[in-house]
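**Student:** Using the working numbering, the first residue of the sequence shown is number 2, and each one after it goes up by one. Glycine included, each C-beta is placed from N, C-alpha and C at the ideal position.
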Amino acid sequence: MVCLLAALLAVPGYASAQGAVREACNVAVDITDQDPHGANVRAAPGGSIVAALKNPTSNGWIVVHLTAQQDDWFEIDRATLIDVDQDRESVIFQGRGFVHRSVVGASGLQNGAVIYRDHDTASPKLDPHASGDQAVELLGCSGAFAKVRVKKGIGWTRQLCTNMVTTCS
2 MVCLLAALLA
12 VPGYASAQGA
22 VREACNVAVD
32 ITDQDPHGAN
42 VRAAPGGSIV
52 AALKNPTSNG
62 WIVVHLTAQQ
72 DDWFEIDRAT
82 LIDVDQDRES
92 VIFQGRGFVH
102 RSVVGASGLQ
112 NGAVIYRDHD
122 TASPKLDPHA
132 SGDQAVELLG
142 CSGAFAKVRV
152 KKGIGWTRQL
162 CTNMVTTCS
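Shown next as structure tokens:
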């Protein structure tokens, strides 16, 4: 039994897959994947593909609703196509699926966003009045907060910009 456990732990990724913590969240982000075939939605982290989120418009984008994070995978329950040319939104995926962290992000922050050091508004502020047009890397989520890397470092915010046309000021 000990040999079997040692052998399993030696398999790359086995320990992290077994010990992965699921963090519930409620955050909207953009699909940032540039693949013309679309961003894959999977049945489970690294599992079979159940849909591809493809933007057929020239002036639009896709927003996904994150419901949880597990390692580098985000669980989603819907994706919405925002079509600026047609001035409409349409749900293009609904159900439970998973997208990899590498295909989602934000176009920026709401102008004047607060970046906290932790996912709690009572925590110290990393940046009390962040510029909206800076680069934002999505790292994770917890509750209504997104964990981001911005100019001043890594912190948490509830003020992502998911509008690819404006800076959300």
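#1: DSSP three-state call for Ser103: helix, strand or coil?
#2: Let me know the secondary structure DSSP gives Asn27 once reduced to three states.
#3: Kindly indicate which three-state DSSP category Lys126 falls into: helix, strand or coil?
#4: Contact between the stretch 21–41 and the stretch 62–72 is defined here as three or more beta-carbon pairs at a separation below 8 Å; is this criterion met?
#5: Can the beta-carbon of Pro46 be found closer than 7 Å to that of Phe94?
#6: If you reduce the DSSP assignment to three classes, tell me which class Asp119 lands in.
#7: Would you call the stretch 107–125 in contact with the stretch 153–170, where contact means no fewer than 3 C-beta pairs closer than 8 Å?
#8: If distances are taken between C-alpha atoms only, which option among Asp88, Ser124, Phe75, Asp121 comes closest to Asp173?
#9: Could you give the first and the last residue of the continuous beta strand (DSSP E) run that contains Cys169?
#10: Have a look at Gly144 and His120 and give me their C-alpha separation to the nearest angstrom.
#11: Do you know how far the Cα of Ser124 is from the Cα of Met165?
#12: Applying the 10 Å Cβ sphere with the 16-neighbour rule, what's the burial state of Gly106?
#13: Given a cut-off of 7 Å, decide if Asp128 and Lys153 are closer than it, judged by their beta-carbon atoms.
#14: So which of Ile77, Asn60, Ile50 has the shortest CA-CA distance to Asp88?
**Tutor:** In terms of the structure at hand:
#1: helix
#2: strand
#3: strand
#4: yes
#5: no
#6: coil
#7: yes
#8: Since the first and last residues shown for the chain are 2 and 170, residue 173 lies out of range.
#9: First-last for Cys169: undefined, no H or E at that position.
#10: 8 Å
#11: 30 Å
#12: buried
#13: yes
#14: Asn60
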